[in-house]
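A short write-up of the structure that comes next.
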Amino acid sequence: MPSSFLRRHVRGLLRGKFSPSPTLDGVPVVEGDPLTPLNDQEAFVSQCHLAGIDGRRIEFPEVYFGKTGLDIPCIQLECLNTEVFASYTGPDGGLTQVGEMRRQPLVRIANLDDEMNLSMDGTSEYDECDEDEEEDDQPVPAPLRRDKDKNRSEILLGSCSSLIGPNGHESTPGSRGAERYNWELFDEERAFGASVSLYEKNPLTGVNAGEPVADVWGVIGRNNNGVLALADGVNWGDGARLAARCAVRGAVDHMNEHIEQGNLTNTTEVFHELLASFHSAHSLILQEGGMLTTLCVAVVAPAVNCDSWVLCVCNVGDSLCFVYNRNYGVREVTMGSHDIDQMRDMRDAGGALGPVDGRNPQLHNLTCSMTFVEEGDIVFITSDGVSDNFDPVVGKFCVIKREKIENKENSQFPLRENRKLSVSTKDSPSREFARTRTCAATLPCVDAASRHELMLIRMRDIIANGLDPPNEAYRFSCPDDSLFPRVTASVLSHRLIQFATHLSQAKRRTLENPELYRKEKMTRSEQRSR
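Structure below.
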């Protein structure tokens, strides 16, 4: 008897598991009751980015990237001017809150390869290989305009969550490094930065979770060149913030020293010093006892016999660099640090400076990138706290497209979007199913490449129009032939931060519910009602 009972139930279980669920496709549809409209995903994708503006595809300028400057074309540069018109850092003092390096300056580099092996003074070698990171929030912008009378390019820099710029390098005798600059000298038109915490506040103490903010940014604008830097400390706490401050201070000091010495005559030399600045940043982190951080440093310089500027970027981790242009919108310069044709794991930063493995950093996605920028362009750097919130999947506007059915056991079942939703009516006398309709309660599906393009399109629209765009089309707000309006560094920064703050506001309000912080014990009935 027990064996027959078990056989019966096991047979029923197998039948229910491997048999397709019954459908009511044969039930006639009630006339006059329209079917739920199907989701036209192809129309959605083509409307958003395949068709482009006014039905034409917009082609972006080419971006070159590699592990070192030797993988990138060499462009000759004009003589770099040393007169500073803006220097700004933050938050809470930014890079000025740490001292300069106390060790001897970096004299020569014996072997600079993919593993970033650096030699100090010819006596000891410091090996910086493999780096991995995890990071969080911020952006930095910089538009460039060439003044024909003064031969001056305007470097517009803004940061939604962190923005960083150049400073002096490890100081030599008689040099005071970053102390020579007024780091509160910002320009809302040409050099600006901002930072904000996207974490919830404790309703009892009023303190944000994750304090202190571990993002640090800095920017220096000169007459015909500029340096931006941004670091996002991994995880929370004073150690993460200290690492970010040290990274920005070390990198900015190094680039400032070599710009002022006139050592940079082409892009290969710029990338050589950018990689050396990462060594300085990592060494300062070890000197001060910091933890882990991402780092992105950008240098804008004028090309010889050309009306364009060259943008050289070096980054490790998930702090990314972008360019806003009034004709083609926003493009990412650091796309070589992550495969845009593969779905990215937002939890993996990809690399980090600091003691990841003993004293070694993790440089898995260390990338050098180069592109050309034009008059009026804005270069900005963001941490993942800003860029991730523009992702359509993170923002719940799209879902990831599944290429194939991974569960072979259930592969005989129809795809979820092709299944039927059965709907019954209460007034039906027999309470039978009255109609069958297709469920349209699904979001558009996107692949990895479309996901990345949609992120750039949303970023472009927010920068151009803000959260409350005017009723007029783009072209009516632009006096010239540009597709998108001109914005300043401060406007760009505030619009990016405002979008990220509003998008994450619902989550913060849920977590800021005072009931979640009650310490007194509740009865079982109170717990059930809660």
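Residue 75 in the UniProt record's numbering sits at position 75 of the sequence shown; the count goes up by one each step and never skips.
All residues carry an ideal CB built from backbone N, CA and C; glycine is no exception.
Residue i to residue j, Cα distance in whole Å?
i	j	result
residue 402	residue 290	41 Å
residue 307	residue 225	14 Å
residue 249	residue 96	8 Å
residue 340	residue 202	37 Å
residue 315	residue 509	34 Å
residue 64	residue 514	51 Å
residue 251	residue 87	15 Å
residue 309	residue 467	31 Å
residue 68	residue 277	13 Å
residue 486	residue 377	9 Å
residue 59	residue 180	43 Å
residue 462	residue 498	9 Å
residue 78	residue 332	25 Å
residue 267	residue 275	12 Å
Who are the near neighbours of residue i in its chain, counting only those whose CB is closer than 6 Å to its CB and skipping five residues on each side?
i	result
residue 443	398, 399
residue 214	233, 240, 241, 244
residue 208	197, 199, 201
residue 337	315, 365, 367
If you follow the beta strand (DSSP E) that residue i is in, where does it begin and where does it stop?
i	result
residue 449	Careful: residue 449 lies outside any beta strand (DSSP E), inside the alpha helix (DSSP H) at 448 to 465.
residue 322	320 to 325
residue 352	352 to 357
residue 362	360 to 362
residue 284	Per DSSP, residue 284 belongs to no beta strand (DSSP E); it is in the alpha helix (DSSP H), 267 to 288.
residue 525	Premise fails: residue 525 lies in the alpha helix (DSSP H), 524 to 529, not in any beta strand (DSSP E).
residue 178	Careful: residue 178 lies outside any beta strand (DSSP E) and carries neither H nor E.
residue 368	367 to 373
residue 87	84 to 90
residue 222	215 to 222
residue 329	329 to 332
residue 65	64 to 66
residue 313	309 to 316
Tell me whether residue i is buried or exposed, calling it buried when 16 or more other Cβ atoms sit within 10 Å of its Cβ.
i	result
residue 529	exposed
residue 100	buried
residue 357	exposed
residue 272	buried
residue 73	exposed
residue 362	buried
residue 116	Low per-residue confidence applies at residue 116: pLDDT is 45, beneath 50, and the placement is therefore not dependable, though the value from the model is reported in the following sentence. By the 10 Å Cβ count, residue 116 comes out buried.
residue 525	exposed
residue 523	exposed
residue 305	exposed
residue 263	exposed
residue 334	buried
residue 206	exposed
residue 527	exposed
Which residues mark the beginning and the end of the alpha helix (DSSP H) in which residue i is found?
i	result
residue 259	238 to 260
residue 298	From DSSP, residue 298 is part of no alpha helix (DSSP H) but of the beta strand (DSSP E) over 293 to 302.
residue 491	489 to 503
residue 230	Unbroken run through residue 230 is the beta strand (DSSP E), 226 to 233; no alpha helix (DSSP H).
residue 384	384 to 387
Considering only C-alpha positions, which residue in the set the options is nearest to residue i?
i	options	result
residue 447	258, 393, 219	393
residue 493	386, 484, 481, 216	386
residue 90	340, 75, 241	241
residue 260	452, 510, 84, 292	84
residue 182	210, 219, 456, 332	219
residue 318	305, 304, 353, 288	353
residue 200	525, 94, 505, 185	505
residue 488	266, 464, 507	464
residue 294	179, 231, 265	231
residue 311	178, 368, 343	368
residue 313	364, 282, 371	371
residue 177	62, 205, 256, 70	256
residue 355	373, 284, 455, 347	284
residue 343	499, 94, 391, 79	391
residue 236	292, 381, 495, 268	292
residue 373	282, 345, 303, 270	303
residue 71	210, 204, 269	269
Grab me the residues of residue i's own chain with a C-beta within less than 8 Å of its C-beta, minus the 5 sequence neighbours each way, in chain order.
i	result
residue 482	326, 327
residue 460	324, 329, 330, 484
residue 238	212
residue 449	340, 341
residue 222	80, 81, 82, 83, 84, 85, 155, 259
residue 94	164, 183, 216, 217, 218, 245, 248
To which residues of the same chain is residue i closer than 7 Å at the C-beta, ignoring the five residues directly before and after it?
i	result
residue 501	196, 198
residue 452	340
residue 395	389, 503
residue 472	Confidence at residue 472 is low in this model, with a pLDDT of 48, below 50, so the placement of that residue should be treated as unreliable; the coordinate-derived value is given next. So no residue of the chain qualifies.
residue 185	86, 87, 88
Any heavy atom of the ligand SAH within a distance shorter than 6 Å of the CB on residue i?
i	result
residue 508	With respect to small molecules bound, the structure shown includes none, and the ligand SAH cannot be examined in it.
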